[in-house]
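Here the structure comes first, spelled out in structure tokens, and everything after it is commentary.
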Amino acid sequence: MPPGFVFSAKAPRRITQARKLAGTKAPVEDFIGGIVELSDTLGPLVWQFEQGHRLQADDLDAFLSLLPKRAGTRALRHVLEIRDRDAVDASLLALVRRHGVATVFTDSHEHPSFADLSTDFVYARLMRSQARLHAGYPAPALARWAERIQAWRGGDDPADLPHVDASAAPARQPREVFVFFISAAKERNPAAAMALLKELSTR
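Going by our numbering, the first residue of the sequence shown is number 6, and it counts up by one from there.
Have a look at this one:
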């Protein structure tokens with residue numbers, strides 16, 4: 006693995022699809038207890054809630070309280086991916102900010118797309134690769150993503166991305182940025198990632 010490489014892990018659906026999230030303490034502890042064996046190669050942990058999962062504010066609040074911020078001496082980073090559009094509003098953002106949890110920015114027409122910042126890192130999923138393009142994306146699009154990544158790294162909040170409530174964003178600070186190419190033309194996603202890395206290396 007290259008220096009600094011980390012794995013991002015998605016939590017089991019038996020946790021995120023539970024009817025009562027507040028009652029998942031034991032499976033959360035089991036999942037965390039195993040995944041922390043990755044040690045220094047452990048990256049953000051993703052908790053994905055599918056379309057149709059009606060999240061209740063008090064239940065989600067209790068669930069977020071179950072997520073440990075540390076495992077031994079290692080800080081843990083948690084990310085929520087909310088795929089139900091009705092659940093995405095200013096109150097959700099206020100809740101995740103209070104718990105120090107990030108939300109996934111999804112560049113897609115199929116899922117909620119909002120780039121509101123809530124903690125000290127950014128987690129983005131880019132889902133528009135095209136099979137007809139060798140690199141999956143047109144060069145200008147990759148250049149624009151490189152600009153946004155640089156902005157996030159520097160503590161800025163790209164204004165051209167959709168937001169729910171940008172006025173309540175946390176203070177400006179440097180942020181670690183995790184970007185993934187998934188879905189769409191999957192066979193092009195590795196080339197898209199390599200092309201984006203090359204674009205970033207020139208900046």
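Even glycine gets a Cβ: it sits at the ideal position worked out from N, Cα and C.
The model shown is predicted, which means the values in this text are computed figures rather than measured ones.
Inset, instruction - Please report the Cβ distance between Ala136 and Glu192, rounded to the nearest whole angstrom; I am assuming they are in contact, meaning their Cβ atoms lie under 8 Å. - result: The count along the sequence shown starts at 1 and reaches residue 136 at position 131. The count along the sequence shown starts at 1 and reaches residue 192 at position 187. At roughly 7 Å, the Cβ-Cβ gap stays under 8 Å, so Ala136 and Glu192 are in contact.
Inset, instruction - Would you list the residues sitting across from Asp112 in a DSSP beta bridge? - result: Position 107 of the sequence shown, counted from the first residue, corresponds to residue 112. The partner list for Asp112 (beta bridge, DSSP) reads Leu131.
Inset, instruction - Using DSSP bridges, identify the partner residues of Ile87. - result: As a working mapping, residue 87 is identified with position 82 in the sequence shown. Ile87 pairs with Phe54.
Inset, instruction - Ignore the nearest five residues each way along the sequence and tell me which others in Phe36's own chain have a CB closer than 7 Å to its CB. - result: For the purposes of this step, residue 36 is taken as residue 31 along the sequence shown, with counting starting at 1. So the list reads Ala16, Pro17 and Ile20, once near-sequence residues are dropped.
Legend entry - Per-residue DSSP class, three states only, for Gly48: Start at 1 with the first residue of the sequence shown, and residue 48 comes out as number 43. Here Gly48 sits in strand by DSSP.
Legend entry - Cβ pair count under 8 Å reaching 3, the segment 53-73 against the segment 143-153: Segments in contact, no.
Legend entry - Three or more C-beta pairs below 8 Å linking the segment 150-159 and the segment 85-99: These segments do not touch.
Inset, instruction - Just mark Asp112 as buried or exposed, buried being the case when its beta carbon has 16 or more other beta carbons within 10 Å. - result: One-based indexing of the sequence shown puts residue 112 at position 107. Buried: at least 16 other Cβ atoms inside 10 Å.
Inset, instruction - Put Ala176 into one of helix, strand or coil per three-state DSSP. - result: Translated into the one-based positions of the sequence shown, residue 176 becomes position 171. Reduced to three states, the DSSP call for Ala176 is coil.
Inset, instruction - Would you tell me roughly how many angstroms separate the C-alpha atoms of Asp125 and Ile154, rounded to the nearest one? - result: The sequence position of residue 125 within the sequence shown is 120, counting from 1. The sequence position of residue 154 within the sequence shown is 149, counting from 1. Answer to the nearest angstrom: the Cα atoms are 14 Å apart.
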